[in-house]
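J.: In our numbering, the protein residues as written are 22 to 427.
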């Protein structure tokens with residue numbers, strides 16, 4: 022089979038970009054390639070080198086293609102008049118059309134963008150369009166989902182996202198669930214967990230007010246004040262969405278202060294290969310989201326690496342962690358401290374680590390690819406059984422849809 026994955030307007034396909042959609046796309050495309058399916062990624066251009074092991078078509082759109090101030094102002098006015106999601110959406114849409122027109126594209130997979138999925142479904146009578154929701158829909162996206170044609174196949178990264186989407190779209194859209202996975206060839210437990218050293222705790226992922234790194238640090242600080250031999254490391258860089266710079270900077274400062282109070286260290290961003298090696302040196306990983314988490318890739322990577330995970334019950338995190346890890350209330354350093362304290366018992370720590378790694382072993386990218394192919398095949402089988410054909414599509418949209426997910 023042939024698949025074309027279209028990345029959203031502000032997502033890039035370069036090693037220095039650690040966005041979840043790009044990460045998931047790269048892993049799934051790699052796995053589908055191993056299964057001898059043909060895949061290409063259409064990605065906005067940030068001017069950096071793309072992943073060398075994936076077929077990528079760079080769109081003539083993105084930071085590497087700046088627009089003059091006058092053109093930006095005209096585009097902003099046009100976007101307001103036509104009800105487009107962003108000031109630069111018209112340029113993005115044109116770039117996507119050109120990218121798809123240059124080569125046969127098979128099934129087209131759109132991440133987080135019901136407007137583009139709707140436009141492509143109504144424009145192209147041959148391609149099947151798949152809309153894969155990696156985030157909870159915001160207000161604009163919820164409105165846009167109500168306009169998605171029935172022939173668009175809608176997927177969600179978790180049951181939590183699927184439920185929110187069905188509720189928000191008045192149950193007209195009921196996504197099929199395809200969970201993310203983890204590369205267990207890269208992320209795996211150490212051959213022999215080290216003993217006779219401080220209990221090592223890690224938080225990894227982008228530093229964001231929603232992620233709760235400060236709660237982890239304050240919890241560790243409490244334990245150290247009690248005399249427990251515990252160390253903390255925070256891995257990741259400041260990268261926020263929906264926060265102004267002053268709020269983001271204030272949170273980064275709060276995290277740094279809390280880590281210092283805990284006697285911890287901050288290592289910054291790491292490439293995946295280095296991160297996988299680093300995670301194997303820790304006992305416990307914290308995934309302390311304060312908001313509904315669409316899935317929880319960081320928690321899954323830590324579990325696959327043999328860490329006992331302490332997580333909040335937000336969004337898709339319970340689907341990732343299951344009964345293997347320790348669940349705590351969001352924004353509660355006291356509960357974090359209690360959870361880590363309970364894991365200072367070496368026998369309990371060993372049991373939770375084993376349970377987490379065993380659960381992660383069932384959530385591989387191979388399982389994701391197989392599930393992806395299965396749900397794509399179900400509508401075909403249903404049509405074949407009933408003798409039904411696709412309904413004729415209407416004319417292309419004139420640009421009256423609104424909303425993206427991000």
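By construction, the Cβ of each residue, glycine as well, lies at the ideal position given by its N, Cα and C atoms.
Taking buried to mean at least 16 other C-beta atoms within 10 Å of its own C-beta, is residue 22 buried or exposed?
T.: Its Cβ having fewer than 16 others within 10 Å, residue 22 is exposed.
J.: Are there 16 or more other CB atoms within 10 angstroms of the CB of residue 270, so buried, or fewer, so exposed?
T.: Result: exposed.
J.: To the nearest angstrom, how far is the alpha carbon of residue 404 from that of residue 371?
T.: In this predicted model, residue 404 has a pLDDT of only 48, less than 50, meaning its place in the structure is not dependable enough to derive any value.
J.: Quick check on the DSSP output: what are the complete alpha helix (DSSP H) runs of length 4 or more inside the region 256 to 312, in order along the chain?
T.: The region 256 to 312 contains these whole alpha helix (DSSP H) runs: 266 to 282 and 293 to 300.
J.: Measuring CA to CA, which of 202, 280, 65 and 366 is closest to residue 385?
T.: If we check each option's Cα against that of residue 385, 202 comes out closest.
J.: Quick check on this structure: which residue in 243, 189, 365 and 26 has the alpha carbon closest to the alpha carbon of residue 218?
T.: Comparing Cα positions, the closest option is 365.
J.: Let's see if you can read the secondary structure: which residues bound the alpha helix (DSSP H) around residue 140?
T.: Start and end: 135 to 144.
J.: Would you identify the three-state DSSP class for residue 69, choosing helix, strand or coil?
T.: Three-state DSSP puts residue 69 in coil, outside helix and strand.
J.: Can you tell me where the alpha helix (DSSP H) with residue 184 in it begins and where it stops?
T.: 180 to 189 is the span of the alpha helix (DSSP H), which, as asked, contains residue 184.
J.: Would you check if the region 349 to 365 and the region 161 to 168 touch, i.e. whether three or more CB-CB distances between them fall below 8 Å?
T.: Segments in contact, no.
J.: Looking only at C-alpha atoms, which of 54, 71 and 101 sits nearest to residue 391?
T.: Ranking the options by Cα distance to residue 391, first place goes to 54.
J.: Nearest-angstrom Cα distance between residue 238 and residue 141?
T.: When rounded, the distance between both Cα atoms is 46 Å.
J.: Once the 5 residues before and after residue 341 are set aside, which same chain residues still bring their CB inside 6 Å of it?
T.: Within the same chain, residue 341 has close Cβ partners 317, 320 and 321.
J.: Just the C-alpha distance for residue 348 and residue 374, rounded to the nearest angstrom, thanks.
T.: Using only the alpha carbons, I get a separation of about 14 Å.
J.: Can you tell me where the beta strand (DSSP E) with residue 63 in it begins and where it stops?
T.: Note, residue 63: beta strand (DSSP E), 59 to 64.
J.: Opposite residue 221 in the DSSP bridges: which residues?
T.: Beta-bridge pairing links residue 221 to 252.
J.: Could you give the first and the last residue of the continuous alpha helix (DSSP H) run that contains residue 51?
T.: Run containing residue 51: 41 to 55, per the alpha helix (DSSP H) assignment.
J.: Taking its Cβ as the centre, do 16 or more other Cβ atoms sit within 10 Å of residue 281, making it buried, or is it exposed?
T.: Exposed, by the Cβ-count rule.
J.: Between which two residues does the beta strand (DSSP E) containing residue 384 stretch?
T.: No beta strand (DSSP E) holds residue 384; DSSP gives it neither H nor E.
J.: Would you say residue 221 lies against chain B (beta-carbon separation less than 8 Å)?
T.: No chain B appears in the structure shown, which is made up of a single protein chain.
J.: CB-CB under 8 Å to residue 199, same chain, minus the five flanking residues each way: which ones, in chain order?
T.: So the list reads 153, 176, 177, 178, 389, 392, 393 and 396, once near-sequence residues are dropped.
J.: With a cut-off of 8 Å on the beta carbons, I'd call residue 35 and residue 61 a contact; round off their distance for me.
T.: About 16 Å separates the two Cβ atoms, so there is no contact after all.
J.: Please work out which residues of its chain come closer than 7 Å, Cβ to Cβ, to residue 257, disregarding the five sequence neighbours upstream and downstream, and give them in chain order.
T.: For residue 257, where only same-chain residues beyond five positions count, the Cβ hits under 7 Å are 225, 226, 227, 228 and 290.
J.: Rounded to whole angstroms, what's the CA-CA distance from residue 143 to residue 163? Just pull it up for me.
T.: Looking at the two C-alpha atoms, the distance is approximately 19 Å.
J.: In chain order, what are the residue ranges of uninterrupted alpha helix (DSSP H) at least 4 long that sit wholly in the region 313 to 368?
T.: Runs of the alpha helix (DSSP H) inside the region 313 to 368: 318 to 325, 338 to 342 and 354 to 363.
J.: In chain order, what residues of the same chain lie with their CB nearer than 7 Å to the CB of residue 358, ignoring the 5 residues before and after it?
T.: Correct list, in chain order: 240, 243 and 244.
J.: Measure from the alpha carbon of residue 250 to the alpha carbon of each residue in 295, 49, 220 and 87, then state which is nearest.
T.: Checked all of 295, 49, 220 and 87; the closest Cα to residue 250 is 220.
J.: Report the rounded CA-to-CA distance for residue 183 versus residue 118, giving the unit in angstroms.
T.: Going by the C-alpha atoms only, they are around 28 Å apart.
J.: Quick one: using the 10 Å Cβ neighbour count with 16 as the cut-off for buried, is residue 112 buried or exposed?
T.: Looking at its Cβ environment, which holds 16 or more other Cβ atoms inside 10 Å, residue 112 is buried.
J.: Roughly how many angstroms lie between the CA atoms of residue 99 and residue 283, to the nearest whole one?
T.: Going by the C-alpha atoms only, they are around 51 Å apart.
J.: Going by the beta-carbon positions, is the gap between residue 327 and residue 301 smaller than 8 Å?
T.: In this structure, residue 301 lies closer than 8 Å to residue 327 by Cβ.
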